Amino acid sequence: MVQHTSWRSPVFNILHAPADCTREPSADGIKTAISAPIQTPFPFSSLVLSANFQAGEGASLLLEVQVKEGEKWSDFYKLGMLSPKLKTSFPAQETSFGRLETDELVLARPAVAYRFRAKSSGGAQWNFLAACGVKAPFEYDEKTAARLPAGSFAREITPISQMELKHPDRRRVCSPASVCMMLNALGVSVELGEVMQRVFDPAAGIYGNWMFNTSYAGTDTTTAYVRRFGTLAELKDFVTPTSLVAASVAYGRGELPGAAIDHTAGHLLVVRGWENGKVLVADPAASQADIVLRAYPAREFANAWLNHKKGAAYIVRKK
């Protein structure tokens, strides 16, 4: 288990390996691994898990999580079923502890610890799991959050416009479009149509399930997971020649100057660098590929990402 959390951060990130779990006796061909209770650095109001896994035909992996409020543990919430061809979430699960909203556990009251469980069948194995949470109460310090890394950096990206697709869901595929751009940039050649098919969540009817997009993006040569950022300065460790970030943003009309779309309650785009007080992005919502690469002012971008979406992002990096 590796924790990446600054004491002043409004978010936490914890990375897990299979060694962090103990195995329970197999039953009906299902192997179960469960973690010890993980104490978080501060009480949290939101939790997201993501995992990379290996599975042959017919194999599957079910991820579950429970949280601790005071001295009481919740029941396990079913986060998602992962298999090579099909990934599915579950109907909304709501208890007195909170509600699972497709890929994010939103709590009714702050929790102080979590524990996860992985059930595998058919030889499925997970090799990497990430947990990220939001501090309760969430506090946003614009001056600190909007500070860019020193100097400048620009990662080469081959742009993809989701709006140029001949597909009825083209306005809803920013997530697989971003994953496609990142994988291609990191040397994994994929087509957008394939990514869309492999990350689609039939239970929720969406392409943007965070767990499913990152599990797909974890390949033989890449690792992928959901992470939360507290500051733009952290980009220096994740936007590099061997790593990229897809940021989840939300903003109203006029809140993000030069935005590819006027407003959004949730949108994914690739962060590819920074220079001259701006964040360099590949925004798949641009109407055509030649204007996908653009720059957004750091303060406004930080507000759209780190404040409105509490820094949620996909990390895809070479192994």
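Every position in the sequence shown, counted from 1, becomes a number in my numbering once 142 is added.
The beta-carbon is built from N, C-alpha and C at its ideal position, and this holds for glycine as well.
Source: prediction; values computed, not measured.
Taking 6 Å as the limit between beta carbons, can you name the residues of its chain near residue i, skipping five residues before and five after?
| i | result |
| --- | --- |
| A345 | T230 and S231 |
| R414 | R297, I299, L422 and A424 |
| K173 | S262 |
| G171 | S263 |
| S177 | D162, C163, R257 and F258 |
| Y282 | N449 |
Give the straight-line distance between the Cα atoms of residue i and residue j, rounded to the nearest whole angstrom.
| i | j | result |
| --- | --- | --- |
| V391 | A175 | 34 Å |
| A427 | G240 | 33 Å |
| G408 | Y393 | 8 Å |
| S225 | M323 | 23 Å |
| D362 | V209 | 32 Å |
| P301 | A319 | 9 Å |
| A260 | F195 | 11 Å |
| Q145 | W447 | 22 Å |
| N269 | G400 | 40 Å |
Let me make sure I understand the geometry here. Which of the options has the alpha-carbon closest to that of residue i?
| i | options | result |
| --- | --- | --- |
| L290 | R395, V381, T300 and C163 | V381 |
| S192 | S294, P233 and A455 | A455 |
| Q304 | S331, R313, A296 and R297 | R313 |
| A480 | V341, L377, D170 and Q145 | Residue coverage of the chain in this structure runs from 143 to 461, which leaves residue 480 outside it and unanswerable. |
| G329 | T365, E199 and S238 | T365 |
| C274 | L398, T373, F218 and S187 | S187 |
| L325 | N445, P279 and L386 | L386 |
| G200 | L411, R150 and G265 | G265 |
| F218 | P399, A444, Q181 and L204 | L204 |
Return helix, strand or coil for residue i, following the three-state DSSP convention.
| i | result |
| --- | --- |
| Q208 | strand |
| R257 | strand |
| I433 | helix |
| V465 | This structure does not reach residue 465, given that the chain is present from 143 up to 461, and the question cannot be answered. |
| N418 | coil |
| D379 | helix |
| S357 | helix |
| G400 | coil |
| D343 | strand |
| L448 | helix |
Below 8 Å on the Cβ atoms is my guess for residue i versus residue j; work out the distance and round it to an integer in Å.
| i | j | result |
| --- | --- | --- |
| R369 | I457 | 5 Å |
| P152 | K277 | 5 Å |
| P185 | V254 | 5 Å |
| L242 | Q235 | 4 Å |
Among residues of its own chain, excluding the 5 on either side of residue i, which ones have a beta-carbon nearer than 8 Å to its beta-carbon?
| i | result |
| --- | --- |
| S294 | G415, W416, E417 and N418 |
| H450 | V391, A392 and Y393 |
| S359 | For clarity, residue 359 is Ala in the given sequence; the question names Ser instead. V321, M324, L325, A366, Y456 and V458. |
What does a CB cutoff of less than 7 Å around residue i pick up in its chain, not counting 5 residues either side in sequence?
| i | result |
| --- | --- |
| T356 | S192, A366, Y367, V368 and Y456 |
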